[in-house]
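Positions 1 to 360 (UniProt numbering) are the ones given, in order, by the sequence shown. Don't be surprised by glycine CBs; every beta carbon is placed ideally from N, CA and C. The structure under discussion appears below in the form of C-alpha cells.
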Amino acid sequence: MTQISLIIPTYNESKNIPILLDKLDLCLSGINKEVIVVDDNSPDKTWEIARNLSSQYPWLKVIRRMTDRGLSSAVLTGFEQAEGKILAVMDSDLQHDEEALVLFLSAFDKGANIVVGSRKINGGSVENWSPIRKFVSWVATVMARIALPCKVTDPMSGFFALDRSIYLDNKNKINPRGFKILLEFLARAENAQVQEVGYTFKGRIHGESKLSSRVIYDYIFALYELSLGQYIPARFIKYGIIGLSGLLIATSVIFFCQKFTSFSDATSVAISIELSILTNFFLNNYWTFKENKLFGFWKTFRGIITFHAICLGGAFINQAIAIKMLGYGFDVYLSNALGYLVAAIWNYMINVNITWKVKS
C-alpha cells in the first residue's frame with residue numbers, strides 16, 4: 001500500500017508547481033508515495049504543466065476540475081482518489097516546508113492520527129509577516145481554541161496529514177464547501193490523536209496571496225458552524241440578519257412615503273412590504289443561499305413568486321399568534337415579537353426546502 005498520498009490543490013500556480021515537484025522528489029526519495037495535483041482549471045494552465053511533468057515523476061497524478069471550485073472540495077476530491085495509508089495536504093505556493101513531511105511520518109509512527117504543521121510551536125516560524133497579519137493570526141487562533149474541542153496552536157494551517165481511517169470515518173460529515181478542511185476534521189473526528197510539527201512558513205516567491213477580508217469572514221462563519229451550527233445553523237443567522245434589514249427598509253420606505261409623497265398610510269405600508277420582500281429575496285439569493293443560488297430569468301421569477309407566497313403564509317402565522325397571545329392578556333409588543341419569531345422560523349424552513357431546495 002502507498003505510504004503517503006500528498007494532495008496539492010492548485011489555481012494559477014504554473015511557476016511554482018515544477019519547483020515544488022522537484023523538491024518533493026528529493027525530500028521524499030525512497031518513500032512509497034503519490035502526489036495528486038488537483039487543479040481548478042487554472043487560466044495559466046497549471047494542470048497542463050503538471051501533466052507534462054508526470055512522465056518525469058511516475059508518482060504524480062493530475063486532476064483537472066472543470067466545474068467544481070474551492071480549496072476544501074479540491075482536497076476532498078484528492079482524498080477520494082488517494083491510495084495512501086496517510087493522506088497529507090500542502091499548498092503549491094512553496095510557503096510550506098516540504099522537509100517537514102518526513103517529520104509528519106515520524107509522528108504517525110508514534111501514534112498520531114492527525115498531524116498538523118504549526119508555525120507557532122518550537123521549530124515553527126513565519127517569514128516576512130506584517131504586525132497586522134500576525135495579530136489577525138493570533139485572533140484566529142484564540143477564536144478556534146474557544147470554539148473547537150481539539151486544541152491546536154495553528155488551526156488555520158493548510159499543511160497537515162490524516163490517517164486514512166480518520167478520513168473514512170468522517171468523510172460524510174465534512175462540509176465540502178467549508179473554509180478550512182482541517183477545521184472540519186478537528187471538530188468532527190472522534191478519538192483524534194493530534195500531534196503538531198513545527199515548520200517555517202516561507203515568503204511567497206511567485207504568484208499572489210489569496211488571503212483577503214473574504215477569508216476572514218469565511219473563517220468566522222466556519223467556526224460558528226462547527227461549534228454552534230448544530231443548534232442554530234449559520235444559514236439561519238444570515239436569514240435573520242437579512243430579515244432585520246428588511247424591517248429597516250420597510251420602515252425607511254414608510255418614512256419616505258409619508259415625508260415626500262401624498263400616499264395614504266395603507267399605500268405606504270403596501271409599498272414598504274413589497275420592497276422589503278423583494279430586497280429580502282435578492283439578498284437571500286445572493287448571500288444566505290449562495291450555494292443554491294437561482295440563476296436565469298424564469299428560475300428567479302418562480303423563486304420570487306414562491307418567496308412571496310411563503311412570506312404571506314408567515315404573515316398569517318404572525319398575526320394568528322399575536323392575536324392568540326393578546327387574548328391571554330400578553331403585551332402587544334411581546335405578542336407580536338413571538339409571532340414574528342415563529343413566522344421567521346416558518347419562512348426559513350419552507351424557503352430552504354421549496355424556494356432554494358437546499359439538500360441536507
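What are the residues that DSSP puts in a beta bridge with Ile8?
-> As computed with DSSP, Ile8 is found in a beta bridge with Val37.
Just curious, the beta strand (DSSP E) that Phe79 is in, first and last residue?
-> Per DSSP, Phe79 belongs to no beta strand (DSSP E); it is in the alpha helix (DSSP H), Leu71 to Gln81.
Please specify which runs of the beta strand (DSSP E), each continuous and at least 3 residues long, are wholly inside the UniProt domain "GtrA/DPMS transmembrane" (238 to 356), giving them in chain order.
-> none
My guess is that Val35 and Thr10 are in contact by the Cβ rule of under 8 Å, so how many angstroms apart are they, rounded?
-> That pair is no contact at about 11 Å.
Could you give the uninterrupted runs of the alpha helix (DSSP H) lying entirely in the stretch 147 to 202, keeping only those of 4 residues or more?
-> 164 to 170 and 181 to 188
Are the CB atoms of Ala147 and Ser227 nearer to each other than 8 Å?
-> yes
Exposure label - Gln56; buried when at least 16 CB within 10 Å | Counting the other CB atoms within 10 Å of its CB gives Gln56 a total below 16, which places it among the exposed residues.
Should the stretch 192 to 202 be regarded as contacting the stretch 95 to 109, the criterion being three or more beta carbon pairs within less than 8 Å?
-> yes
Distance between Met349 and Gln3 (C-alpha atoms, nearest Å) | 46 Å
Between the C-alpha atoms of Thr288 and Val89, what's the straight-line distance to the nearest angstrom?
-> Looking at the two C-alpha atoms, the distance is approximately 30 Å.
Mind checking whether Ser5 and Glu83 have CB atoms under 8 Å apart?
-> yes
If we ignore side chains and look at the alpha-carbon of each, how far apart do Leu87 and Phe256 end up?
-> C-alpha separation (whole angstroms): 60 Å.
How is Ile114 classed by DSSP in three states: helix, strand or coil?
-> strand
Should Phe221 and Asp163 be called a contact, given that it needs their Cβ atoms to be closer than 8 Å?
-> No, Cβ-Cβ distance for Phe221 and Asp163 is not below 8 Å.
Those residues which DSSP pairs with Ser125 across a bridge = Thr200
6 Å Cβ shell around Asn280 - same chain, five flanking residues per side excluded = Cβ within range, chain order: Ile242 and Gly246.
Start-to-end residues for the beta strand (DSSP E) that takes in Lys64 | Correcting the residue identity first, residue 64 is Arg in this sequence and not Lys. From DSSP, the beta strand (DSSP E) with Arg64 extends over Leu60 to Arg64.
Just reading off the beta strand (DSSP E) that Ile86 is part of, what are its end residues?
-> Ile86 to Val89
Give the single residue among Ala309, Ala112, Leu24 and Glu48 whose Cα lies nearest to the Cα of Asp91.
-> Out of Ala309, Ala112, Leu24 and Glu48, Leu24 has the C-alpha closest to the C-alpha of Asp91.
Could you check where the alpha helix (DSSP H) with Val102 kicks off and where it finishes?
-> Ala100 to Asp109
Note down the Cα distance separating Lys202 from Ile249, rounded to an integer number of angstroms.
-> 48 Å
In terms of residues, what are the limits of the alpha helix (DSSP H) holding Glu48?
-> First-last of the alpha helix (DSSP H) with Glu48: Thr46 to Leu53.
Measure the alpha-carbon distance for Arg51 versus Lys61 and round it to whole angstroms.
-> Arg51 and Lys61 have their C-alpha atoms roughly 8 Å apart.
Helix, strand or coil at Thr2 [DSSP, three-state] | coil
Please classify Tyr219: is it buried, with 16 or more other beta-carbons within 10 angstroms of its beta-carbon, or exposed?
-> buried
First and last residue of the alpha helix (DSSP H) that includes Lys23?
-> Ile17 to Cys27
For the putative contact between Lys180 and Met143, defined by C-beta atoms under 8 Å, what is the C-beta separation to the nearest angstrom?
-> Going by Cβ atoms, the distance from Lys180 to Met143 rounds to 12 Å, so no, they are not a contact pair.
Which residues in the same chain as Lys85 place their Cβ atom closer than 8 Å to its Cβ, once the five residues preceding and following it in sequence are excluded?
-> Met1, Thr2, Gln3, Ile4, Asp163 and Arg164
When we look at the beta-carbon of Ile305 and count the other beta-carbons within 10 Å, is it buried (16 or more) or exposed?
-> exposed
Which of helix, strand or coil DSSP assigns to Ile216 = helix
Could you name the residues of the same chain whose beta carbon sits closer than 8 Å to that of Asn318, not counting the 5 residues immediately before and after it, in chain order?
-> Asn336, Gly339, Tyr340, Val342 and Ala343
Comparing alpha-carbon positions, which option in Ala309, Asn285 and Ile310 lies nearest Lys299?
-> With distances taken between Cα atoms, Lys299 lies closest to Asn285.
Nearest to Ile232 by CA position, among Arg69, Ile345, Val253 and Lys134, is which residue?
-> Ile345
Thinking Thr153 and Ile121 are a contact (beta carbons under 8 Å), I'd like their distance in whole angstroms, please.
-> 5 Å
Would you mind sorting residue 366 into buried or exposed? The rule is 16 or more other CB atoms within 10 Å of its CB.
-> With the chain covering 1 to 360 only, the question about residue 366 has no answer from this structure.
Rounded to whole angstroms, what's the CA-CA distance from His96 to Ile254? Just pull it up for me.
-> 56 Å
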